[in-house]
Amino acid sequence: MSERAGVARSAWWAGHDPVVELQQLWGEVSRLVEQSAQPGEPSRHWMPLVEEEDAGDSYLVRAELPGIPRESVNIEVDGRELHIHGSLDENTGGNALRRRDGSFSYGVRVPGDVNVEGVQADLSDGVLTVRLPKSQAATRRSIEIGS
3 MSERAGVARS AWWAGHDPVV ELQQLWGEVS RLVEQSAQPG EPSRHWMPLV
53 EEEDAGDSYL VRAELPGIPR ESVNIEVDGR ELHIHGSLDE NTGGNALRRR
103 DGSFSYGVRV PGDVNVEGVQ ADLSDGVLTV RLPKSQAATR RSIEIGS
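Numbering (the numbering used here), first residue to last: 3 to 149.
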């Protein structure tokens, strides 16, 4: 693997990818527009704070979901895309702040193939951690040019 490719891959997970930054910015802009459109009513959709990391053999995605019960969280993997969504209302319970009422969602496309059968998730102390093991099917190799 070239040194340049390793730098690009680690930069993506370090949050320096413009696409990820635009997704986060778009979520915040959407939240602000929704709040300004209905000044008397709190926002009903929000995006959790999330960080991604390349852990070598897997991709890790951590989302802050304080006070959200695990029954209210749905996680789906579709190829290289991870979707986290759910909802919380006054009837659901939990100790979430009122500004966290309503539905939430987050989606990210991981940079490599994922072993979908090995995906694991844990919700502890208000932090959802999703581990997406890298697929061994797609490996890189050098090809020699024949004569």
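Glycine included, C-beta positions come from ideal geometry on N, C-alpha and C. This one's a predicted model, so the numbers in the text were calculated from it and none came from an experiment.
Pairwise C-alpha distance: residue j and residue i
| i | j | result |
| --- | --- | --- |
| L130 | I70 | 10 Å |
| G58 | L84 | 18 Å |
| H87 | I77 | 7 Å |
| D80 | S126 | 24 Å |
| P113 | Q138 | 14 Å |
| V63 | G148 | 42 Å |
| L24 | S105 | 21 Å |
| V110 | V118 | 15 Å |
| V75 | V31 | 23 Å |
In DSSP terms, what residue i is bridged to
| i | result |
| --- | --- |
| V118 | DSSP output for V118 lists no bridge partner at all. |
| E30 | BP columns for E30 are empty, so no partner. |
| A123 | V132 |
| I77 | I86 |
| R72 | BP columns for R72 are empty, so no partner. |
| A65 | V52, L130 |
| R111 | E83 |
| G58 | None, per the DSSP bridge assignment. |
| S105 | H47, S89 |
Integer-rounded CB distance, given that residue j should sit under 8 Å from residue i
| i | j | result |
| --- | --- | --- |
| S89 | P135 | Contact doesn't hold; Cβ gap of about 28 Å is too wide. |
| P68 | G29 | Incorrect: roughly 17 Å between the Cβ atoms, too far for contact. |
| R82 | D56 | That pair is no contact at about 13 Å. |
Closest Cα partner of residue i within the set the options
| i | options | result |
| --- | --- | --- |
| G120 | E146, S74, V132, G128 | V132 |
| D124 | R72, E30, R111 | R72 |
| E54 | V21, S74, F106, I147 | V21 |
Same chain, Cβ closer than 6 Å to residue i, neighbours up to 5 away in sequence not counted
| i | result |
| --- | --- |
| L51 | E66 |
| Q26 | none |
| R46 | G104 |
| A10 | No answer about A10 holds up, because its pLDDT of 41 lies below 50 and its placement is not dependable. |
Proximal residues to residue i (C-beta, below 7 Å), its chain only, five neighbours per side dropped
| i | result |
| --- | --- |
| Y108 | M49, P50, V52, A65, I86 |
| Q122 | R133 |
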